[in-house]
Amino acid sequence: LHRKFRVGIERIEDATQKVANLSEELQQRQREIAMFQEQLDEFLEEIDRQTQEADEQTEEVSVKRVKIGAEEVVCKQLAEVAGADLQRAMPALNAAVAALDSLNKKDMNEIKSYSRPPTRVELVMEAVMILLGKEPTWVESKRQLGEQKFLDTLKGFDRNNITERTLKTIGAYVRNPDLEPDKVGTVSKAAKSLMLWVRAIENYGKVYKFVGPKIRKMEEANASLLEKQNELAAAERKLIELAEKLAQLRAEYEAKIAEKLLLEETARQMAIKLERARNLVNNLAGECTRWLATKNELETTYAQLIGDTLLAAGFLTYLGPVDIETRTNFLAQWLIDLETLEMPFTPKFSLTAYFYDPGVLIRWHENGLPPDDFSAENATILMKSTRVALIVDPQEEAQKWLIAELEGRVKLVDFDDEICESTLVETFERHEPLMVENINRRNVSELDELFTLRDTVTTSCGKCREKNQSSEMAHPLYLVGQEQLRMSGALVKRVNQLSFVLGAEGLEMKMLGLLVQSENPSLEERKELLQQTILHNKKTLVDLEEQILRILNESKIPLLEDDELYAVLESSRATFETVSSGLQQAEQTRLEIETSREVYRSCAARSALLFLVLGNLQLFNPLYRYSLEWYQALFLISLERSGRVQQVAERKRRIDDYHTFNVFR
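As structure tokens, this is what we get:
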């Protein structure tokens with residue numbers, strides 16, 4: 001039992017520490033959640049800033065796209081106008097370039113071979129040299145004709161930058177009738193091609209003179225457009241970068257939210273677990289306090305066990321036959337001796353409390369055992385001693401109690417009955433409880449024969465009980481008599497003579513019960529019902545405690561995760577509160593009932609004294625023997641005929657006077 005309480009307390013203390021750790025862990029999770037929330041707020045601010053920047057960038061890109069679109073239209077228009085003007089000169093230019101394509105190095109060598117070229121050929125070459133910006137001489141012409149890339153130079157001529165002076169000079173050659181291409185062709189086909197090129201370049205130059213500003217304007221517009229297109233491309237790239245960064249931020253934000261939600265869910269589950277754990281520990285806190293007190297009491301009891309066991313053994317061995325005064329004196333002396341020997345013991349030692357809990361004593365009283373301590377001690381000795389009990393019971397109270405305690409499963413035999421022996425043998429063979437009545441001075445010496453018969457029968461049946469058996473039903477043989485008997489030494493070793501003769505205390509309590517039951521039946525009924533309620537409630541609490549202790553001791557699951565224990569505690573909490581409240585109310589009611597009963601205490605004491613006086617009459621003559629049953633009936637008659645009044649004091653006076661008169665008349 002001590003181990004159960006110790007394990008239970010240790011597991012509760014461990015759970016309490018785990019609750020503290022869980023609380024700290026939950027606080028840490030909450031701090032992490034707060035930190036995540038701060039990060040999320042920062043992310044959200046950054047996302048808002050980036051979103052605003054992206055929106056502004058989008059607006060800027062949109063505006064630039066519109067402007068660039070307009071400029072593209074203008075540039076296109078300028079290009080169309082300039083292109084249309086240039087297009088007039090382009091066919092001749094293209095034809096001239098095509099003519100150049102038909103020339104080769106051989107053609108150039110043909111012209112170059114002239115030592116004195118024809119006039120038309122010389123003039124054509126002068127015009128070519130002027131366009132090329134070279135000296136317009138035949139010597140220079142021959143030198144240029146000898147260049148490997150002469151034709152490529154002509155094809156790649158910068159026709160857009162011909163000076164006004166050059167155009168004017170070339171114009172004279174173009175207008176010269178002798179230099180018409182066909183006429184030149186009569187002299188040299190190669191020179192004709194060159195002249196066609198010169199005429200085309202001159203024509204293009206004149207056209208370009210008017211178209212050039214338009215082209216420059218177009219080029220400027222195109223340059224501006226290109227710059228703005230580059231700016232737009234840069235803005236679009238920046239917008240893409242912002243969008244990517246914003247998407248990354250949002251992804252990180254979503255990841256943080258998911259992580260935070262996971263933390264929050266973990267914290268929520270942890271909070272539920274913590275709340276449940278706190279409820280569990282709080283529900284067990286009261287149990288733990290009680291168990292700690294019980295554990296300390298058990299430790300004290302264990303420490304006092306040797307002394308208490310020695311006292312109990314002395315009680316069972318020596319104090320059965322003695323009266324209450326002798327028993328009290330012996331116990332007092334034994335306590336002094338134990339203290340001298342420094343042997344621990346319970347200062348207020350009680351034999352009944354040593355063996356039984358209060359519930360057993362209540363049951364005994366319900367079954368008819370007189371409610372005084374001396375009778376309870378005798379009942380304990382009867383149940384626990386290894387010797388056969390000889391119950392001295394002139395009022396037959398103890399016999400009635402024992403029969404009720406045995407639930408009627410006892411064979412009654414009169415020791416003076418002629419068929420007693422056959423009944424004894426049959427009962428011994430069945431090993432059934434046997435109560436032998438009418439043990440007296442005349443037949444006490446025959447008890448040796450009874451024990452011999454029992455030993456013989458039980459031994460032959462192989463059912464001999466061990467002497468150290470401690471069951472309440474350990475002695476199926478009970479002896480009952482009306483008076484104290486003198487026995488031989490051999491019988492004293494086998495028989496424990498117990499006097500259940502009611503003393504003043506027991507009689508007074510018994511008469512008080514009769515009196516209260518007569519005067520205030522509901523009060524006595526309440527008292528009996530209250531005893532049952534208290535007993536039931538205490539048993540309920542013990543059962544709940546046992547169930548909780550069992551789970552704590554047997555469960556391999558961590559205490560805070562034990563669903564069975566949690567369910568038991570949840571279901572038992574209401575029961576425990578109800579029972580505890582009921583016990584408090586019952587205790588208050590018990591005090592009220594006892595207070596109400598005490599009003600009639602003096603009448604009960606007087607009636608008990610009168611019965612003791614009647615009992616002493618047999619000292620003068622054995623014929624004066626009065627049974628308690630007869631006296632109780634007489635007392636009830638006195639209560640009925642003494643005259644009932646409302647005033648309690650007057651009622652008590654009438655009861656005392658009438659009953660005294662009724663006893664001695």
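First residue of the sequence shown? That's 1 in full-length UniProt numbering, and the numbers climb one at a time after it. All C-beta atoms in this analysis are idealised placements derived from N, C-alpha and C, irrespective of residue type, glycine included. Just so it is clear, the structure is predicted and the values come from calculations on it, not from any experiment.
Does the distance from the CB of Leu338 to the CB of Phe315 come in under 7 angstroms?
-> Numbered from 1 along the sequence shown, position 338 holds the residue referred to as residue 338. Numbered from 1 along the sequence shown, position 315 holds the residue referred to as residue 315. For Leu338 and Phe315, no; Cβs fall outside 7 angstroms.
So the beta strand (DSSP E) Asp414 belongs to, where does it begin and stop?
-> Within the sequence shown, numbered from 1, the residue matching residue 414 stands at position 414. First-last of the beta strand (DSSP E) with Asp414: 411 to 414.
Local Cβ density within 10 Å of Gly307, reported as buried at 16 or more and exposed below that = Walking along the sequence shown from the start, residue 307 turns up at place 307. By the 10 Å Cβ count, Gly307 comes out buried.
Leaving out five residues on either side along the sequence, give the residues of the same chain with a beta carbon under 8 angstroms from the beta carbon of Leu491.
-> Within the sequence shown, numbered from 1, the residue matching residue 491 stands at position 491. Excluding the 5 residues flanking it on each side, Leu491 has same chain C-beta neighbours closer than 8 angstroms at Val444, Leu447, Asp448, in chain order.
CA-CA distance, Glu219 and Ile162?
-> For the purposes of this step, residue 219 is taken as the residue at position 219 of the sequence shown. For the purposes of this step, residue 162 is taken as the residue at position 162 of the sequence shown. Rounded to the nearest angstrom, the gap between the Cα atoms of Glu219 and Ile162 is 18 angstroms.
Cβ neighbours of residue 735 in the same chain (closer than 7 angstroms, five flanking residues each side left out) | What the structure shows of the chain is the stretch from 1 to 665, and residue 735 is not part of that stretch, so it cannot be assessed.
Please confirm if Ile111 has its CB atom under 7 angstroms from at least one CB of chain C.
-> The chain inventory of the structure shown lacks chain C, comprising one protein chain alone.
Starting from the C-beta of Ala235, find all residues in its chain whose C-beta is less than 8 angstroms away, skip the five residues before and the five after it, and write them out in chain order.
-> The residue you call residue 235 lines up with position 235 of the sequence shown. Within the same chain, Ala235 has close Cβ partners Gln57, Glu60, Val61, Lys64.
Three or more beta-carbon pairs under 8 angstroms between the stretch 424 to 432 and the stretch 405 to 414, yes or no?
-> By the Cβ criterion, the stretch 424 to 432 is in contact with the stretch 405 to 414, since at least three pairs of Cβ atoms, one from each stretch, lie closer than 8 angstroms.
Assign Gly615 to buried or exposed, taking buried as 16 or more other Cβ atoms, counted over all protein chains shown, within 10 Å of its Cβ.
-> Counted from its first residue, the sequence shown places residue 615 at position 615. So Gly615 counts as buried.
Within its chain, find whatever has a CB closer than 8 angstroms to the CB of Lys209; leave out the 5 residues flanking it on each side and keep chain order.
-> Translated into the one-based positions of the sequence shown, residue 209 becomes position 209. Excluding sequence neighbours, Lys209 sits near Glu164, Leu167.
Could you give the distance in angstroms between the alpha-carbon of Glu46 and the alpha-carbon of Ile272?
-> Mapped onto the sequence shown, residue 46 falls at position 46. Mapped onto the sequence shown, residue 272 falls at position 272. So the alpha carbons of these two residues sit roughly 35 angstroms apart.
For Leu311, does the count of other Cβ atoms within 10 angstroms reach 16, so buried, or fall short, so exposed?
-> Locating residue 311 in the sequence shown gives position 311, where the first residue counts as 1. Around the beta-carbon of Leu311, 16 or more other beta-carbon atoms lie within 10 Å, marking it buried.
Taking Ser385 as part of the alpha helix (DSSP H), name the residues at either end of that continuous run.
-> Translated into positions along the sequence shown, residue 385 becomes position 385. Premise fails: Ser385 is in no alpha helix (DSSP H) and is neither H nor E.
Sort out for me which residues DSSP pairs Ser499 with in a bridge.
-> In the sequence shown, counting from the first residue as 1, residue 499 sits at position 499. Residue pairing by DSSP places Ser499 opposite Val392 in a beta bridge.
Can you tell me the Cα-Cα spacing of Gly506 and Gly320, whole angstroms?
-> Mapped onto the sequence shown, residue 506 falls at position 506. Mapped onto the sequence shown, residue 320 falls at position 320. Those two C-alpha atoms are separated by around 18 angstroms.
Please report how far the alpha carbon of Glu259 lies from the alpha carbon of Ala574, in whole angstroms.
-> Looking up residue 259 in the sequence shown gives position 259. Looking up residue 574 in the sequence shown gives position 574. If you take the alpha carbons of Glu259 and Ala574, they lie about 41 angstroms apart.
Rounded C-alpha distance that separates Val613 from Gly503 = To locate residue 613, count along the sequence shown from 1; it is residue 613. To locate residue 503, count along the sequence shown from 1; it is residue 503. So the two alpha carbons sit approximately 12 angstroms from each other.
Identify the residues that DSSP records as bridge partners of Met435: which are they?
-> Numbered from its first residue, the sequence shown carries residue 435 at position 435. Secondary-structure assignment with DSSP links Met435 through a beta bridge to Leu412, Tyr478.
Residue environment, Met35, which counts as buried when at least 16 other CB atoms sit within 10 Å | Translated into positions along the sequence shown, residue 35 becomes position 35. Classification of Met35: exposed, given that the 10 Å Cβ count is below 16.
Candidates Gly359, Ile111, Asn176, Lys238, of which the one nearest Leu530 by Cα | As a first step, residue 530 must be located in the sequence shown, where it is residue number 530. Comparing Cα-Cα distances from Leu530 to each of Gly359, Ile111, Asn176, Lys238, the minimum goes to Gly359.
Proximity to Phe345 [Cα-Cα], best of Leu361, Leu298, Arg199, Trp364 = Walking along the sequence shown from the start, residue 345 turns up at place 345. That would be Leu298, whose Cα lies nearest to the Cα of Phe345.
Identify which residue in Ala608, Asp48, Ser627 has its Cα closest to the Cα of Ala247.
-> Reading the sequence shown from its first residue, position 247 is the one you call residue 247. Ranking Ala608, Asp48, Ser627 by Cα distance to Ala247 puts Asp48 first.
May I have the straight-line CA-CA distance separating Gln229 from Arg31, to the nearest angstrom?
-> On the sequence shown, residue 229 is found 229 positions in, with the first residue counted as 1. On the sequence shown, residue 31 is found 31 positions in, with the first residue counted as 1. Distance from the CA of Gln229 to the CA of Arg31, rounded to the nearest whole angstrom, comes to 52 angstroms.
Just how far apart, CA to CA, sit Met195 and Ala70?
-> Residue mapping note: residue 195 aligns to position 195 of the sequence shown, counting from 1. Residue mapping note: residue 70 aligns to position 70 of the sequence shown, counting from 1. Cα to Cα, Met195 sits roughly 44 angstroms from Ala70.
Out of Ser596, Gln482, Gly489, Thr660, point me to the one whose CA is closest to Gln618's CA.
-> To locate residue 618, count along the sequence shown from 1; it is residue 618. Taking only the C-alpha atoms, the option nearest Gln618 is Gln482.
Would Val388 pass as a contact of Leu477 if the rule is Cβ separation under 7 angstroms?
-> Start at 1 with the first residue of the sequence shown, and residue 388 comes out as number 388. Start at 1 with the first residue of the sequence shown, and residue 477 comes out as number 477. The answer is yes: Cβ separation under 7 angstroms.
According to the neighbour-count rule (16 or more other Cβ atoms, all chains shown, within 10 Å of its Cβ), is Glu147 buried or exposed?
-> What you label residue 147 is simply residue 147 of the sequence shown in a count that begins at 1. A residue is called buried when at least 16 other Cβ atoms come within 10 angstroms of its Cβ; Glu147 does not meet this threshold and is exposed.
Which whole-angstrom value describes the C-beta separation of Glu202 and Gly171, a residue pair presumed to lie in contact below a C-beta threshold of 8 angstroms?
-> Here the question's residue 202 lines up with position 202 in the sequence shown. Here the question's residue 171 lines up with position 171 in the sequence shown. Separation of the CB atoms of Glu202 and Gly171 is rounded to 6 angstroms, and the pair is thereby assigned contact status at 8 angstroms.
Assign Ala82 to one of two classes, buried (16 or more other C-beta atoms within 10 Å of its C-beta) or exposed (fewer than that).
-> Here residue 82 corresponds to residue number 82 of the sequence shown, with the count starting at 1. In this structure Ala82 is buried. Its beta-carbon is surrounded by 16 or more other beta-carbon atoms within 10 angstroms.
Cβ-based burial, Ala20 [other Cβ within 10 Å; buried from 16] | Taking the sequence shown and counting its residues from 1, the one referred to as residue 20 is at position 20. Exposed is the label assigned to Ala20, since fewer than 16 other Cβ atoms lie within 10 Å of its Cβ.
For Val645, I'd like the list of residues in its chain whose CB is within less than 8 angstroms of its CB, leaving aside the five on either flank, ordered along the chain.
-> By 1-based counting over the sequence shown, the position of residue 645 is 645. If the five residues before and after Val645 are omitted, its C-beta is found closer than 8 angstroms to the C-beta atoms of Arg651, Arg654, all from its own chain and listed in chain order.
Buried versus exposed, by CB contacts within 10 Å (16 or more), residue 668 | Past the boundaries of the shown model lies residue 668; the chain is included only from 1 to 665, so the question cannot be answered.
Which residues in the same chain have their Cβ closer than 7 angstroms to the Cβ of Met511, if we skip the five residues on either side of it in sequence?
-> For the purposes of this step, residue 511 is taken as the residue at position 511 of the sequence shown. Excluding residues up to 5 positions away in sequence, Ala604, Ser607, Ala608, Phe635 lie with their Cβ nearer than 7 angstroms to the Cβ of Met511 in the same chain.
Simplified DSSP assignment, three categories, for Val613 = Translated into positions along the sequence shown, residue 613 becomes position 613. If DSSP states are grouped into helix, strand and coil, Val613 belongs with the helices.
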